[in-house]
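Residue numbers (my numbering), protein chains in the order written: chain A, 148 to 458; chain B, 148 to 458; chain C, 148 to 458.
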């Protein structure tokens with residue numbers, strides 16, 4: 148598949164604007180499309196971002212310009228190349244210029260209760276539900292079928308994915324002789340500016356104080372944030388990860404897919420949790436953890452390598 | 148954040164009603180709010196539940212009354228304390244008295260098919276779908292966007308979370324030369340009284356007989372229960388856990404977040420499965436299992452501790 | 148629970164039609180119902196599929212006919228048996244004959260935007276959202292609350308589960324000094340014929356080219372397919388599994404529940420990934436992998452067995 152650029156441009160002008168340098172490609176060549184490596188009809192007007200050497204073999208005879216990191220350039224000798232330290236940023240910039248239809252406000256097809264604060268700058272998707280007591284900041288975009296309960300406060304420009312549920316009561320139970328009795332969860336959810344929450348993510352209401360997502364945090368689809376948990380500003384959380392009640396994640400933390408963080412655990416600023424890690428103890432700032440139970444990633448790899456040699 | 152109590156009350160009257168004892172705090176002191184430890188404006192009228200010693204240091208100079216277990220009391224010397232064996236039960240009781248708006252019936256905005264049995268005592272959320280052949284007990288509460296298929300029978304007072312899907316066909320396939328052919332799933336779902344099902348949970352229909360959730364079971368968000376599985380009465384299942392087809396969980400079992408239970412596995416009454424456990428064999432009643440593959444929790448911890456020493 | 152057959156039939160006629168052979172059961176006996184082993188009122192007109200020896204003890208004195216594999220037959224001596232190499236195929240055939248109400252088109256209660264291509268043979272569920280630029284093939288069935296974004300192309304007879312979200316922007320971010328900046332995702336999703344997608348599954352749009360589900364693939368509930376990933380034709384993916392961006396799964400792969408596949412990893416044709424496997428490297432065609440990090444299943448089992456002996 149291909150995406151036509153917003154405007155045809157010479158390679159030289161693109162490089163001048165977005166950085167990097169050309170190798171084996173004339174600056175006057177005109178680029179018309181971004182294309183994936185597995186297109187059959189690649190031509191001289193196509194720019195193909197190449198992120199893995201693996202795909203290079205499929206491109207042995209193409210006329211297209213390849214957008215590569217300096218490391219990859221050596222693997223595709225004799226080709227028209229645009230070498231750039233961060234090819235993804237070039238792709239992001241070019242795609243961002245392609246005109247797209249902005250989301251329309253569909254609140255006439257949604258349920259916005261009286262008592263919800265929803266500025267006119269907000270775009271509400273079809274069949275969304277915004278309960279009384281919810282407060283949305285300027286420029287928020289709420290997906291189809293999303294539910295925002297009372298007690299949820301969203302900052303500016305928050306994006307809520309299709310079907311995401313914010314502020315449902317947290318999973319708190321008192322176990323007694325008569326079975327489990329619900330602990331009411333009245334603390335709501337507080338979401339900072341520029342947060343993005345994926346499809347079907349759930350962020351539960353806290354008990355007394357709020358569950359918190361810091362400014363600029365990005366949560367992928369199916370992520371679950373338990374009651375009273377805190378995700379720090381700028382942290383990025385991949386799909387299907389889960390945070391148990393009262394867990395605390397610092398700022399700028401990268402969390403892989405399917406990671407689980409146990410209740411009351413603290414993750415330091417800038418830490419990285421590898422995909423599927425099961426974190427049952429605190430993680431220091433800046434550390435990279437993996438495994439179940441999660442340990443420093445190098446320890447985890449040695450453990451498994453040693454165990455297999457010894458068997 | 149804070150929650151104002153339903154009624155101002157003296158500490159002495161609260162202790163008389165809810166148990167525990169005072170230490171360093173006068174019984175005549177009046178409590179007005181429940182508050183979290185990280186409030187900036189804590190005052191003598193605040194009651195702060197303290198569940199971890201970690202938060203105590205932030206409270207070195209507060210006038211608030213701390214609600215603590217007897218074990219934690221020694222960590223906060225010289226402070227106004229309410230010692231209670233189960234502080235969470237105090238919080239639950241006080242929050243439960245705070246007036247909340249009861250959910251309204253929104254079935255005019257939902258789709259309740261002719262042929263569904265939905266008593267007038269049931270509260271149906273906006274955009275919910277209740278199919279013909281579904282039978283709901285008295286006092287059920289169905290969240291926004293929930294789907295209840297035909298063949299699902301809910302007991303009394305069942306709470307169905309936003310977006311939960313009950314009774315969709317189970318994932319049964321016959322693999323043949325022409326590809327996978329669906330095995331019809333006509334057994335429905337049977338849910339006992341007082342069950343609570345979280346947002347976006349899915350409970351699939353059984354093949355011939357029903358998939359079963361026993362009375363009083365509590366399922367958190369994103370939980371998946373496969374076809375023909377049985378979750379015993381009073382069992383509590385944390386977020387993102389999954390139960391494969393025909394798995395059987397006994398009564399009063401505690402299941403951590405992201406746990407997976409393989410098909411046909413049996414979990415005995417009162418067992419505990421640690422978060423993220425991957426259970427591929429039976430678990431005896433009363434046992435605590437962890438790990439992947441899941442084993443007794445002590446074995447799991449020794450295995451990992453030994454492996455790391457040896458590397 | 149039991150399911151009445153579409154038509155009463157003699158055992159002999161069923162065997163003639165569906166294969167297998169009788170043992171200790173007269174061919175003239177008439178079968179009226181399919182029943183599960185734990186029914187209290189089993190009688191001579193019931194056919195009970197028995198998949199595990201475990202359930203046999205409950206059936207010591209029943210008059211029902213047991214449908215078993217030849218392997219299981221020896222475990223239930225002296226009983227009326229229908230031995231069949233694939234009892235599930237018999238169940239599938241008999242249940243498939245039971246009349247069921249076909250799904251009704253509810254697009255008057257859904258939002259189908261102008262600019263979406265939705266043939267009249269498609270059944271759209273209540274409150275579904277089909278955006279401009281989506282193209283659906285003949286005979287598709289879209290569940291309640293499903294969302295199909297622009298750029299999604301569905302083949303013929305695709306089944307989209309309740310609440311599934313297809314074509315939301317993939318989770319691509321450029322991390323810069325000013326925080327994370329979204330990489331636009333304009334590549335859409337391409338789904339082959341006869342694919343089935345479970346409730347609440349999410350399949351994200353690719354960046355330039357599409358995210359792809361091959362013909363005949365079956366995805367269970369809560370499955371997440373990241374941007375630019377490819378799931379091969381005929382592959383079967385159990386609940387809560389996740390595929391990171393640009394991962395590639397071959398044809399006819401069996402993926403267990405809660406499996407995670409890392410970005411850019413390739414899974415060969417016909418491979419099997421055991422439930423909860425965490426796959427961080429390529430898997431050869433035909434191999435069976437398990438564990439986290441995933442390795443050949445036999446290696447994984449030895450590793451854990453040895454580790455536990457040594458502790």
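Idealized CB from N, CA, C, for every residue including glycine. Fair warning: this is a prediction, and the values are worked out from it, not measured in the lab.
Query, Result
"Entirely enclosed beta strand (DSSP E) segments - the region 215-274 of chain B, minimum 3 residues", "228-230"
"Pick from C/361, C/419, C/357, C/356 that is closest to residue 433 of chain C, judged by C-alpha positions", "C/419"
"Where residue 166 of chain A falls: helix, strand or coil (DSSP)", "coil"
"Range of the contiguous beta strand (DSSP E) that encloses residue 155 of chain B", "149-157"
"Cβ of residue 196 of chain B within 9 Å of any chain A Cβ", "yes"
"C-beta contact flag for residue 173 of chain B and residue 158 of chain B at 9 Å", "yes"
"Under 9 Å between C-beta atoms of residue 261 of chain B and residue 296 of chain B", "no"
"Candidates A/192, A/259, A/256, A/313: closest to residue 228 of chain A by CA position", "A/192"
"Distance cut-off 8 Å: residue 161 of chain C Cβ against heavy atoms of the ligand GDP", "Ligands in the displayed structure: none, and consequently the ligand GDP is not present."
"Cutoff 9 Å: residue 458 of chain C Cβ touching any chain A Cβ", "In this prediction, residue 458 of chain C scores a pLDDT of 45, lower than 50, which makes its location untrustworthy; the coordinate-derived value is nonetheless stated afterwards. With 9 Å as the cut-off, residue 458 of chain C does not count as an interface residue toward chain A."
"DSSP three-state assignment for residue 354 of chain C, whether helix, strand or coil", "coil"
"Residues near residue 285 of chain B in its chain [Cβ-Cβ closer than 7 Å; skip 5 each side]", "266, 268, 303"
"For residue 437 of chain B, the residue or residues it bridges with in DSSP", "B/442"
"Alpha-carbon spacing of residue 459 of chain A relative to residue 316 of chain A, whole angstroms", "Outside the shown range of chain A (148 to 458) lies residue 459 of chain A, about which nothing can therefore be said."
"Counted within 10 angstroms of its Cβ, other Cβ atoms place residue 363 of chain B as buried (16 or more) or exposed", "buried"
"Residues bridged to residue 349 of chain A (per DSSP)", "A/312, A/371"
"Cross-chain neighbours of residue 328 of chain C in chain A, by beta carbon under 7 Å", "239"
"Helix, strand or coil at residue 185 of chain C [DSSP, three-state]", "coil"
"For residue 450 of chain B, three-class secondary structure by DSSP", "helix"
"Residue 380 of chain C beta carbon less than 9 Å from that of residue 356 of chain C", "no"
"Residues that DSSP places opposite residue 365 of chain C in a beta bridge", "C/343, C/383"
"Under the three-state DSSP convention, the category residue 175 of chain A falls into", "coil"
"Per-residue contacts from residue 274 of chain C into chain B (C-beta, under 8 Å)", "258, 274, 276, 292"
"Residue 234 of chain C burial status per 10 Å Cβ neighbour count (16 or more: buried)", "buried"
"With 16 other Cβ atoms within 10 Å as the buried cut-off, status of residue 155 of chain B", "exposed"
"Under 9 Å from the C-beta of residue 182 of chain B: neighbouring residues of chain A", "355, 356"
"Residue-chain proximity (residue 229 of chain C, chain B), Cβ-Cβ < 9 Å", "no"
"CB contact check: residue 366 of chain A to chain B, cutoff 9 Å", "no"
"Pair within 9 Å by beta-carbon distance, residue 435 of chain A and residue 345 of chain B", "no"
"Among B/412, B/448, B/347, B/387, the one whose alpha carbon lies nearest that of residue 377 of chain B", "B/412"
"Member of B/386, B/299, B/310 whose CA lies at the smallest distance from the CA of residue 354 of chain B", "B/299"
"Residues that residue 107 of chain B contacts on chain A, provided the C-beta gap is smaller than 7 Å", "Given a span of 148 to 458 for chain B in the structure shown, any question on residue 107 of chain B remains unanswerable."
"Bridge-paired residues (DSSP) for residue 425 of chain B", "B/407"
"Coil, strand or helix - residue 205 of chain B by DSSP", "helix"
"Where residue 161 of chain A falls: helix, strand or coil (DSSP)", "helix"
"Exposure of residue 452 of chain A, with buried meaning 16 or more beta-carbon neighbours within 10 Å", "exposed"
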